[in-house]
Amino acid sequence: MVLGELIEDESGKITGHRILDVEGPKIERSFTMAGEYKGIQATDIGTFWTVMRQGAEAEPIMYADAQGVITAKDGEGMATYTAQGIGRFTSPGKEKVRFHGSVFFRTTLTGGRRLSFLDNMVGVFEYEGDEEGNCSVKVWEWK
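Here the sequence shown is numbered in our numbering, starting from 108 and rising by one per residue.
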């Protein structure tokens, strides 16, 4: 397997938090992002939850599971996705996090139109976020 071209490059904000379970803890976050999917301007709304785990060197590790809906800004396409990843703090004060993982795309029943190239595509992602709620993600096709 090899990495293909960059298919997604977007940024946005965390819009909400919800505690799902205090054991772990398990925290859900909602987000809104905007960017490009192979040159097509789109918005991405979704949620992800994280669970903290202890890493091999006593470093906290986060497991995340996400889902979302992508809509072309001109209204000519829609797709959905699920994703899973592992994250770590990237700054000494734990103000920033970075996740790496896989994402699975599908188009909607209407055929996806301009975003139809995403149907059944698998990608690998890099997500970054900070304590102010800024976030960004890049996805490369996994061939």
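Positions of the beta carbon are idealized from the N, C-alpha and C atoms, including for glycine.
Label residue i either buried or exposed according to how many other C-beta atoms from any shown protein chain fall within 10 Å of its C-beta, with 16 as the threshold for buried.
i	result
Met273	Shown here, the chain extends from 108 to 250; a query on residue 273 therefore has no answer.
Met108	exposed
Thr122	exposed
Val176	exposed
Gly182	exposed
So the candidates are the options; which of them puts its Cα closest to the Cα of residue i?
i	options	result
Gln191	Glu130, Thr157 and Lys201	Thr157
Lys180	Asp128, Pro199, Arg220 and Arg213	Arg220
Ser251	Tyr188, Val129 and Gly236	This structure does not reach residue 251, given that the chain is present from 108 up to 250, and the question cannot be answered.
Tyr170	Gly119, Ile193, Glu135 and Thr139	Ile193
Ala149	Arg136, Asp128, Thr178 and Ile126	Thr178
Would you tell me roughly how many angstroms separate the C-alpha atoms of residue i and residue j, rounded to the nearest one?
i	j	result
Lys250	Phe232	14 Å
Leu113	Val246	6 Å
Ala165	Gly146	42 Å
Arg160	Val229	26 Å
Leu222	Thr187	10 Å
Gly111	Arg195	25 Å
Got a sec, what are the start and stop residues for the beta strand (DSSP E) residue i sits in?
i	result
Asp226	Run containing Asp226: none; DSSP gives neither H nor E here.
Asp151	Ile147 to Gln161
Lys203	Lys203 to Thr214
Arg136	Lys133 to Tyr144
Ala171	Pro167 to Ala179
Arg221	Note, Arg221: premise wrong, no beta strand (DSSP E); not H, not E.
Glu164	Element bounds for Glu164: n/a, residue is neither H nor E.
Glu183	Glu183 -> no beta strand (DSSP E), and no H or E assigned at all.
Gly123	Leu110 to Asp128
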